[in-house]
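Protein chains in written order, with the numbering used here: chain Z, 1 to 245; chain X, 246 to 490.
No residue lacks a Cβ here, since even glycine has one placed at the ideal position from N, Cα and C.
Here the structure is a predicted model, which is why all the values come from computation and not from measurement.
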DNA sequence: CATGTATAATTGGTCGTGCCAAAGGAAAGC
DNA sequence: GCTTTCCTTTGGCACGACCAATTATACATG
């Protein structure tokens with residue numbers, strides 16, 4: 001008899017246990033965890049199994065491990081979505097059109113809010129991003145400055161959820177960068193950014209919203225060119241061969 | 246000499262390889278992967294190491310494994326964010342206030358859009374959610390119906406990014422459900438939902454937006470009661486002891 | 001005493017092997 | 001043709017061993 005009811009997956013159960021332990025306050029962000037060998041003993045599983053669970057948490061950014069030192073719970077869980085997002089994009093569940101459409105929803109509202117309650121610090125970050133973009137000479141630098149401007153908009157919201165949404169957008173854009181780097185896309189974003197900044201500076205929410213909406217609408221229309229598909233096929237590093245050590 | 250440059254973490258490298266393989270089209274969503282033993286051989290790593298990487302991907306929902314069968318790349322990557330979100334919430338990087346504030350940004354706009362372009366199917370889902378909520382007798386059922394209404398709003402957008410945002414909200418709310426289940430919170434949500442439905446039915450975007458904003462503003466104000474902290478401390482399953490098998 | 005150095009212990013990283021149980025498929029029997 | 005039985009494949013897990021990085025300790029040196 002004895003319904004074993006074995007869900008099998010020990011790793012999943014270990015993760016659940018970790019959730020409980022974090023929830024109960026046994027593990028506090030930033031604290032040091034017991035060594036693997038002892039943790040495995042306490043959980044009653046083999047070290048290999050425990051390591052799988054730890055690896056999952058590590059790759060999600062929930063904890064970090066250093067040889068000879070130990071395992072620490074991350075103090076900042078902001079990167080938890082990095083890896084998942086990467087795969088989400090790669091598996092094609094998000095198109096660029098949808099991404100920009102979603103950005104319109106969020107960032108338009110955030111631009112409006114920023115016009116209402118942006119601090120001096122926020123304004124400075126926006127100004128800085130614009131200057132960096134003007135001074136940028138490479139595509140890489142330009143995109144970074146572009147993202148920095150939008151990040152400043154998110155930052156102004158003071159909402160950590162919005163900050164997370166930005167990290168998602170950030171990763172997504174970096175992954176499909178090749179499609180977004182269009183030759184003519186140098187001037188428009190900058191002028192839009194300047195107009196948005198002006199609206200925020202003037203404390204004009206509706207104008208800030210309108211400019212942001214148009215900005216993203218414009219950007220979305222620019223990546224509609226159909227030469228996107230092949231760009232990712234020809235990239236290097238497709239080796240199924242041995243990992244580089 | 247020979248800078249080994251060993252980043253150490255094989256798992257991270259394996260994940261990178263998987264990204265490349267997915268990106269290159271070698272691994273297609275839904276396809277069957279080679280068995281672990283052979284995959285490990287091809288990558289030039291031990292099976293244990295490979296399994297760690299596979300476990301990470303499995304727990305992220307990128308792939309699924311079944312004993313005796315094999316490993317399959319997930320066809321639907323919608324659940325990639327489930328586990329990460331859980332830890333994000335647990336590690337306290339998101340407060341309920343911020344969550345509802347973010348919801349206001351997204352859902353208000355979505356309600357407006359729904360009023361413009363909701364299909365028959367969308368309307369039916371909304372109506373269904375309202376009916377279920379009216380008929381709900383347990384807190385559990387009521388919350389499910391509540392979320393179903395909002396999911397229908399997200400669904401109406403037809404944007405997969407928005408769908409992801411909903412899954413995030415869904416998980417977050419389920420995790421901190423105890424705080425949201427306030428005794429008096431039975432009637433208000435329902436009447437708001439009805440008002441929102443009416444506005445969408447009347448094709449009145451601004452009214453739909455307004456009602457949704459007020460709905461979430463109201464909901465946010467209701468969870469401000471300070472008895473929230475203790476509720477999570479007393480829950481069971483905090484065992485650091487052996488896993489249940 | 002202070003300081004640097006060699007040594008040992010701790011800890012995560014990887015590998016290898018062996019065995020189990022679940023699922024699938026092939027062969028035998030009806 | 002269908003069911004049953006057996007074997008192969010495949011993932012799940014457990015031990016064990018060794019390595020390398022880090023830290024802590026003891027020791028030698030000035």
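Approximately 13 angstroms separates the beta-carbon atoms of residue 175 (chain Z) and residue 93 (chain Z); this is outside 8 angstroms, ruling out the contact. If you compare the alpha carbons of Z:97, Z:134 and Z:33 with that of residue 188 (chain Z), the shortest gap goes to Z:134. Three or more Cβ pairs drawn from the segment 105 to 121 of chain Z and the segment 345 to 360 of chain X lie within less than 8 angstroms of each other, which places the two stretches in contact. Fully contained in the segment 41 to 77 of chain Z are the following beta strand (DSSP E) runs of length 3 or more, in chain order: 63 to 66 and 70 to 73. Note: residue 277 (chain X) is bridge-paired with X:317 in the DSSP secondary-structure output.
Leaving aside the five residues that flank residue 360 (chain X) on each side, the residues in its chain whose CB is nearer than 7 angstroms to its CB run, in chain order, 444, 445, 448, 449, 450 and 453. One finds nothing in chain X with a Cβ atom closer than 8 angstroms to the Cβ of residue 153 (chain Z); even the nearest lies about 12 angstroms away. Under a 10 Å Cβ-count criterion, residue 387 (chain X) is classified as buried, with 16 or more other Cβ atoms of the shown protein chains found around its own Cβ.
About 5 angstroms separates the CB atoms of residue 70 (chain Z) and residue 32 (chain Z); that is less than 8 angstroms, so the two are in contact. In this model, residue 288 (chain X) and residue 89 (chain Z) are separated by some 24 angstroms (Cα to Cα).
Taking all protein chains shown into account, residue 159 (chain Z) has 16 or more neighbouring C-beta atoms within 10 Å of its C-beta and is therefore buried.
Nearest in C-alpha terms to residue 119 (chain Z), of all of Z:59, Z:156 and Z:61, is Z:156. Annotation: the continuous alpha helix (DSSP H) that includes residue 213 (chain Z) extends over 205 to 222. Look at residue 189 (chain Z) here: in three-state DSSP terms it is helix. By the Cβ-count criterion, residue 140 (chain Z) is exposed, with fewer than 16 other Cβ atoms from all chains shown falling within 10 Å of its own Cβ.
Residues of the segment 258 to 270 of chain X that bring their beta carbon within less than 9 angstroms of a beta carbon in chain Z comprise 258, 259, 260, 261, 262, 263, 264, 265, 266, 267, 268, 269 and 270, in sequence order. Collapsing the DSSP output to three states places residue 167 (chain Z) in a helix.
For chain X, the residues of the segment 47 to 74 of chain Z that bring a beta carbon within less than 7 angstroms of one of its beta carbons are 48, 51, 52, 55, 56, 59, 60 and 62, in chain order.
For the set Z:56, Z:243 and Z:25, the Cα lying nearest the Cα of residue 336 (chain X) is the one of Z:25. For residue 11 (chain Z), the enclosing alpha helix (DSSP H) stretches over residues 10 to 24.
Residue nearest to residue 362 (chain X) within the set X:375, X:302, X:397 and X:406 is X:397 (criterion: CA-CA distance). Annotated as distal: residue 413 (chain X) and residue 304 (chain X), with beta-carbon spacing of 8 angstroms or more. Within the segment 153 to 167 of chain Z, the residues whose Cβ lies closer than 7 angstroms to some Cβ of chain X are 159, 160, 161 and 162, listed in chain order. Around the beta-carbon of residue 438 (chain X), 16 or more other beta-carbon atoms lie within 10 Å, marking it buried.
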